[in-house]
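To keep things clear, I will list the structure first and then write my remarks on it.
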Amino acid sequence: ATKILMNMFVSLCLLNAAFLSNESVANTQDNTACVFIALVLHYSMLASFTWFFIQALHMYLWLIRQNVTITNYVRKITV
């Protein structure tokens, strides 16, 4: 569970950093930097949603289906 939360934290930090630098990059009139920031924003948004879904699935399996044992659980839930 800690790996899931740490990865979600990193993706949200990347999203916030890209969002905060978005306005300053947009004012430079540099298309390459603008495309790069757009790619980082899209990637970090998708990564954040994916990690939120994995965390929700983990919480469901932990709280609702308590007697289920899965070998290599963290590896299987993140792949």
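The sequence shown maps to residues -28 to -1, 1 to 51 in mature numbering (1 follows the signal peptide of the UniProt record, and there is no 0).
C-beta: ideal position from N, C-alpha, C; glycine also.
- In the three-state reduction of the DSSP assignment, Gln27 falls in the helix class, which pools H, G and I.
- In this chain, the alpha helix (DSSP H) harbouring Thr(-27) covers -27 to -3.
- Residue state for Ile9 is assigned as helix, using DSSP reduced to three classes.
- A distance of 8 Å or more separates the beta carbons of Met(-23) and Ser20.
- If you draw a 10 Å sphere on the C-beta of Ser(-5), you find fewer than 16 other C-beta atoms in it, and that means exposed.
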